[in-house]
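Visitor: So the protein lines, in turn, are chains A and B. Under my numbering, the first residue of the first sequence carries the number 324, and numbering increases by one thereafter. Under my numbering, the first residue of the second sequence carries the number 302, and numbering increases by one thereafter. Glycine included, C-beta positions come from ideal geometry on N, C-alpha and C. Only a predicted model underlies this, so the values are computations on that prediction, with no experimental measurement involved.
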Amino acid sequence: GQQVMQIPQYQHVQEGEDFTTYCNSSTTLSNIQWYKQRPGGHPVFLIQLVKSGEVKKQKRLTFQFGEAKKNSSLHITATQTTDVGTYFCAGPFFVGTSYGKLTFGQGTILTVHP
Amino acid sequence: EAQVTQNPRYLITVTGKKLTVTCSQNMNHEYMSWYRQDPGLGLRQIYYSMNVEVTDKGDVPEGYKVSRKEKRNFPLILESPSPNQTSLYFCASSRQGPTYYEQYFGPGTRLTVT
């Protein structure tokens, strides 16, 4: 079946260090979404990538979508304590007659030490 | 305020006692979905609904039922809960299917089955 693998599972950094999480799909994706979940909270949408090779930035966050549209990454420059949380990627898969199935990666739990 | 609501937020029950977790959204979204979150496994989709009266299985549908009689509501039914269904459950909705549309998540329901 369709799988979305995400690494690493955990990342501990000192405040100010950079952080990257990687996402790989077993099949080509139409688009990929990224979410952040703060401790004790619910996932919140960050961004969506659609085009092959696309790069998008949100302040210190840089998102990339691979040329083959099978992998993606999220890079945070100079982490802050407010970046703490779990970061998920998610991709829709075609089942039956629609792209209704949404598969999430396992998530990367980011801890930032002040 | 645009939101997805879930009830109850916390539930402790016993094996075999039927229960329903409600989910409601006020954004007139067509797509709704249920996920369970377990440590190390990320978010796994249980069921999704592309529109009223249209539901389909996600990755882990066993032991769950859903219905979509109205656009705003998407209840999750556990006919005979078992301890392996102890988990954190999230309902989510989006304007249309997950391709190109961000998911809005509810606050979560923490279920314990003893």
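Quick check on the DSSP output: the beta strand (DSSP E) that includes A:Asn-347 runs from which residue to which?
Guide: 342-348
Visitor: When we look at the beta-carbon of B:Ser-381 and count the other beta-carbons within 10 Å, is it buried (16 or more) or exposed?
Guide: Counting Cβ neighbours within 10 Å, B:Ser-381 comes out exposed, since fewer than 16 surround it.
Visitor: So the beta strand (DSSP E) B:Thr-323 belongs to, where does it begin and stop?
Guide: 320-326
Visitor: Compare the C-beta of B:Ser-381 against all C-beta atoms of chain A and say whether one is closer than 8 Å.
Guide: Chain A, which has no Cβ nearer than 8 Å to the Cβ of B:Ser-381, makes this no.
Visitor: A:Leu-425 CB to nearest chain B CB: under 8 Å?
Guide: yes
Visitor: Could you compute how far the alpha carbon of B:Tyr-401 sits from the alpha carbon of B:Leu-389?
Guide: 26 Å
Visitor: Kindly list, in the order they appear in chain B, the residues whose Cβ is closer than 8 Å to that of A:Pro-440.
Guide: Only positions 324 to 437 of chain A appear in the structure, and residue 440 of chain A is not among them; the question remains open.
Visitor: To the nearest angstrom, how far is it from the Cα of B:Gln-326 to the Cα of A:Pro-366?
Guide: 16 Å
Visitor: Using a Cβ cut-off of 7 Å, pull out every chain B residue sitting near A:Phe-368, in sequence order please.
Guide: Glu-403 and Gln-404
Visitor: Determine, for B:Leu-416, whether the minimum Cβ-Cβ distance to residues of chain A falls below 8 Å.
Guide: This structure does not reach residue 416 of chain B, given that chain B is present from 302 up to 415, and the question cannot be answered.
Visitor: Could you pull out every residue in the same chain whose Cβ sits closer than 7 Å to the Cβ of A:Gly-414, ignoring the five residues on either side in sequence?
Guide: Val-327, Ser-348, Leu-352, Ile-355 and Thr-426
Visitor: Measuring straight from C-alpha to C-alpha, what distance separates B:Cys-392 and A:His-398?
Guide: 28 Å
Visitor: Taking the straight line between their C-alpha atoms, what separation do you get for B:Asp-360 and A:Gln-334?
Guide: 27 Å
Visitor: Just the Cα atoms here: how many angstroms apart are A:Gln-329 and A:Glu-340?
Guide: 20 Å
Visitor: Cβ closer than 9 Å: which chain B residues qualify as neighbours of A:Phe-411?
Guide: Gly-343 and Leu-344
Visitor: For chain A, is any of its Cβ atoms less than 8 Å away from the one on B:Phe-391?
Guide: It does; some Cβ of chain A falls within 8 Å.
Visitor: For A:Gln-325, which three-state DSSP category applies?
Guide: coil
Visitor: Would you call B:Ile-313 buried or exposed, if buried means 16 or more other Cβ atoms sit within 10 Å of its Cβ?
Guide: exposed
Visitor: In this structure, how does DSSP classify B:Asp-357 when only helix, strand and coil are distinguished?
Guide: strand
Visitor: Taking Cβ positions only, does A:Val-407 come closer than 8 Å to chain B?
Guide: no
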